[in-house]
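Top to bottom, those sequences are chains A and B. The number in this note's numbering is simply the position in the first sequence, starting from 1, with 12 added. The number in this note's numbering is simply the position in the second sequence, starting from 1, with 12 added. By construction, the Cβ of each residue, glycine as well, lies at the ideal position given by its N, Cα and C atoms.
Protein chains: 2
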Amino acid sequence: MPGRRVTLRDVARSAGVHSSTASRALNAERRHLVNGETAERVLEAARTLEFRPDPAARSLKTRRSYTVGVLIPDLNNPLFPPIVRGIEDTLTTQGFVALMGNTDNDEARERRVFEGMRSRHVDGFIVATARQHHPLLDQAVREELPVVLVNRILDDDSFPSASVDDSMGAQLAVAHLIQLGHRRIAHIAGPQDVSTGRGRLRGFELGMAAAGLPVERGLVTFANGFTRAEGQRCLVEALARGRDFTAVVAGNDLLALGCYAALEEKGLSCPEDVSVVGFNDMPFIDQLRPPLTSIRIPHYEIGAEAAFLMLDRISQPRGLVQAKLLPPELVVRGSTAPPRGPA
Amino acid sequence: MPGRRVTLRDVARSAGVHSSTASRALNAERRHLVNGETAERVLEAARTLEFRPDPAARSLKTRRSYTVGVLIPDLNNPLFPPIVRGIEDTLTTQGFVALMGNTDNDEARERRVFEGMRSRHVDGFIVATARQHHPLLDQAVREELPVVLVNRILDDDSFPSASVDDSMGAQLAVAHLIQLGHRRIAHIAGPQDVSTGRGRLRGFELGMAAAGLPVERGLVTFANGFTRAEGQRCLVEALARGRDFTAVVAGNDLLALGCYAALEEKGLSCPEDVSVVGFNDMPFIDQLRPPLTSIRIPHYEIGAEAAFLMLDRISQPRGLVQAKLLPPELVVRGSTAPPRGPA
DNA sequence: TTGTAGGCGTTATCAC
DNA sequence: GTGATAACGCCTACAA
């Protein structure tokens, strides 16, 4: 029934004050400049009128758009929906909104999306696509646009970031297998040009070292992508070198699915012949045969954390650059068991 | 290196005209009101100065934002990522951008998201959350904001919509089972207050009728939600009535997963004892045991189609109201087989 | 503590 | 065909 939109003046009129007073009362940072009782009246009026400040008008004045650009490779990757939700839910609490863009890891597309957002004056970029060298990030920095990385880290800590402790995750996986009695453990490592691939490999090595186990050359195989096909190729390759391992830590769940396929192809069974641990705890992997043991990553929380970092950044562009590292969690299912024979 | 932002006045000054003239020259629709030569000069100036109109200012005046709000229940539902990508990819080609909001089917949250978008002057709403009665839609209509439904239809054709032919999908499933030799087929029907639930039930009935098979009372069980738990509950219930069916058409894949669980619980096997057909062809259901036969829905295309309808709507608010119905496709996998004994 | 006035960048509506 | 002026809704010096 309101029909027309409610403006600040309407609120002011209804509260019997001037619009500037209303403005002050409604802004938490300037509320102290106004009589407590008056402020209360304004807030009350705003509430009953369901006043919503117009971001366009505000933006015109403050040079803020209350909008954040989110760059992800591909929303269809099940990793990203929960991250995006975490981002969105958090931004919403502060009246911000997210513009989402899929880049498909395609440079031209990435640039197009970036420009589209920049021209809409986004207040910052949350980026999930960071490779080691990234011209877009440089440009954002030049234009003093805040950038927060999510789920990826660069080697130098030049950007705030929210991600999972990949190394710890891989260590959890290795420790679990060792506790089951495994001694010879293989690793299908993800691409080494992204931080997740590197971190998990390092964790694997650290985990083995912590148990005093050598990581021999043949135990690590490098995948060219986080795909099922690559997982299959790599494990087949590793098996071809002579199956001297009883367990595999896969760089992520898709690689683990590839391991399932490779084992089936070679007539081996999981977990009887080879235990498999995934990474990410994707939806529905508990429905696989066998249900996949995996490292659960708090994706939603990572997204939320990234959004918090962005909000910080927007209000304090020169603030501390933080790298939030969230702890992963081991989820034991049916794909891991003690090794068959004596090690 | 520009440092300061370039405004319309800068362009005007540089071209030696008044800002209103510059504005006209830069707007393709009003360019004819201005001397061709002058216009050329303005455009040239704009180009060299790298002028970018401020969307906030423009939006404040025109109430247009080149932005479309997308309301979905929950991005984590694997249905939606491809739909959203279809929407986004299509909008992008016309310089539009999507604001995404998750409602969790919660009315308060829905309203908040809606308001946030409205206040950002979105040019329209693409809505995936339509139940039969929907105050938000009424409000949008009152404010003359275009609304397009995606993946849902209302009974009256009051809104443009893009969705799949649910009835045809269920008919495909039934026909497939009949061809395998099944005669007594059960249906786990989804909630009847959403169009997908109703459409699939109708398709089931039509498919049975087309084969001259009766749909007896006990063969249809109604789920209270599209969840695995409900699927399990319903099939257990159906089995308890006396297992006189050899196949089940589930209202969607999650319900089908529940059927798997129910069969396991009762010591029955799929497809030997009971064939199961899902609906949606979610990612990774080909990895289940057995891989699930399902009805594939062209989600990306549905999203793209919805975006096209929205763009039409924005340029012609009074245009024809179209309901696009895309055809689904049967994907046969391991969960369906001929019935064991003679019917 | 509150009000006044002016402006953010753009476009619509008048005059000329 | 072009220029002047006012407004969109909000914020913020500055004055009272």
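Distance from residue 83(B) to residue 29(B) at the Cβ level is roughly 43 Å; contact not present, criterion being Cβ atoms closer than 8 Å. Pairing residue 269(B) with residue 237(B) gives a Cβ-Cβ distance that is not under 9 Å. Interface annotation, residue 20(A): not in contact with chain B, CB-CB separation never under 9 Å. Under DSSP, residue 113(A) takes part in a beta bridge, and its partners are 83(A). According to the DSSP assignment, residue 307(A) belongs to the beta strand (DSSP E) that extends over 306-308. Residues are counted here when their Cβ sits less than 8 Å from a Cβ of chain B; for the segment 97-114 of chain A these are 97, 100, 101, 104, 107, 109, 110, 111, 112, 113, 114, given in chain order.
The Cβ of residue 351(B) sits no closer than 9 Å to any Cβ of chain A. Each residue's CA atom was taken as its position, placing residue 136(A) and residue 208(A) some 23 Å apart.
Assignment of residue 77(A) by DSSP, reduced to helix, strand and coil, places it in the coil class. Think of a sphere of 7 Å around the beta carbon of residue 93(B): the chain A residues whose beta carbon falls inside it are 87, 88, 93, in chain order. No Cβ-Cβ contact shorter than 9 Å links residue 50(A) with residue 74(A). Taking the Cα positions, residue 248(B) is about 24 Å away from residue 211(B).
Distance between residue 86(B) and residue 101(A), taken at the CA atoms: about 11 Å. In the same chain as residue 71(B), and ignoring 5 residues on each side of it, the C-beta atoms closer than 6 Å to its own belong to 77, 133, in chain order. DSSP lists 161(A), 335(A) as the beta-bridge partner residues of residue 173(A). For residue 267(A), the closest Cβ of chain B is not nearer than 9 Å. Ranking 204(A), 200(A), 215(A) by CA distance to the CA of residue 183(A) puts 215(A) first.
By the beta-carbon neighbour count (other beta carbons within 10 angstroms, threshold 16), residue 169(A) is exposed. Shown here, residue 201(B) sits in a strand according to DSSP, grouped into three states.
Here the segment 282-299 of chain B lies against the segment 260-269 of chain B, with 3 or more beta-carbon pairs under 8 Å apart. Residue 283(B) places its beta carbon less than 9 Å from that of residue 346(B). Under the three-state reduction of DSSP output, residue 71(A) falls in the helix class. Going by DSSP, residue 267(B) is part of the alpha helix (DSSP H) stretching over 265-277.
Residue 104(A) sits in a helix when the DSSP states are folded into three classes. Taking 9 Å as the threshold, the shortest C-beta distance from residue 262(A) to chain B does not fall below it.
When only Cα atoms are considered, residue 352(A) and residue 285(A) end up about 7 Å apart. The bridge partners DSSP lists for residue 50(A) come to none. Here DSSP, grouped into helix, strand and coil, assigns residue 257(A) to coil.
Here residue 206(B) carries a coil assignment [DSSP, helix/strand/coil]. Close to residue 127(B), with beta-carbon spacing below 9 Å, are these residues of chain A in chain order: 62, 64. Residue 174(A) has its alpha-carbon roughly 8 Å from the corresponding atom of residue 164(A).
Cβ proximity to chain A below 9 Å picks out 155 from the segment 155-177 of chain B.
Residue 341(B) has 308(B) as its beta-bridge partners, per DSSP. Here residue 292(A) is bridged, per DSSP, to 308(A). Across the segment 44-78 of chain A, CB contacts with chain B closer than 7 Å involve 64, 66, 67, 68, 69, 71, 72, 77, in sequence order along the chain. With a 10 Å radius around the Cβ and a threshold of 16 neighbouring Cβ atoms, residue 333(A) comes out exposed.
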